[in-house]
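In my numbering, the protein residues as written are 292 to 471. No residue lacks a Cβ here, since even glycine has one placed at the ideal position from N, Cα and C. Take a look at the structure below.
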């Protein structure tokens, strides 16, 4: 059985942060879990902070995230929520998902909201995204570096395409202006 991780919403909503953890999961280094409630938090945050993002594209991103990581959705965790105590009661669903999925780690930037003394009873540990990635590098550096390279290659291809499109638009505009 592979190492099971629950990603908190804070790890999934910045696009530049989300890419590597999802690729690590896709490459089979860990088995990643999240819930519809975690995804609701991700996309509520994006809608609130990025009103320029098109709702249809956000829905498509959510679908792609779920499709990208096999068996990622945890269900049946809801009855556990009220039994749990954390500094921020709104984070109990994340711990409940970890317990239900038998995750060993919750990856979160909100470490203070997941104190050791509240997690150890459930054999769950909270780690920052940075510590999680460093640990993955220690376990399988070529796989993690390969994932990083694929991200860089994709961004480079995207930027090249964007530059070409911008150049083509300028040429078309210039051509229209010159034709007048």
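For residue i, which residues from the same chain have a beta carbon less than 8 Å from its beta carbon, with the 5 sequence-adjacent residues on both sides left out?
| i | result |
| --- | --- |
| residue 321 | 293, 294, 295, 296, 315, 427 |
How would you write the range of the alpha helix (DSSP H) that residue i sits in, first residue to last?
| i | result |
| --- | --- |
| residue 295 | From DSSP, residue 295 is part of no alpha helix (DSSP H) but of the beta strand (DSSP E) over 295-298. |
| residue 354 | 346-359 |
| residue 383 | 383-392 |
| residue 311 | 306-317 |
| residue 409 | 407-410 |
Can you pull the DSSP bridge partners for residue i?
| i | result |
| --- | --- |
| residue 397 | 297, 417 |
| residue 364 | 325 |
Excluding sequence positions up to five away, which residues of its chain have a Cβ less than 7 Å from the Cβ of residue i?
| i | result |
| --- | --- |
| residue 391 | 365, 367, 368, 371 |
| residue 313 | 356, 359, 360 |
Between residue i and residue j, how many whole angstroms is the CB-CB distance? I'm expecting something under 8 Å.
| i | j | result |
| --- | --- | --- |
| residue 300 | residue 333 | 5 Å |
Near residue i, what residues of its chain come up, given a Cβ to Cβ distance below 6 Å and the 5 sequence neighbours on each side ignored?
| i | result |
| --- | --- |
| residue 379 | 404 |
Item to check | Three or more C-beta pairs below 8 Å linking the region 436-447 and the region 325-342 | outcome: no
Next on the checklist: So, does the region 375-393 touch the region 410-420, judging by three or more C-beta pairs under 8 Å?
Outcome noted: Contact annotation: the region 375-393 touches the region 410-420, with at least three C-beta pairs closer than 8 Å.
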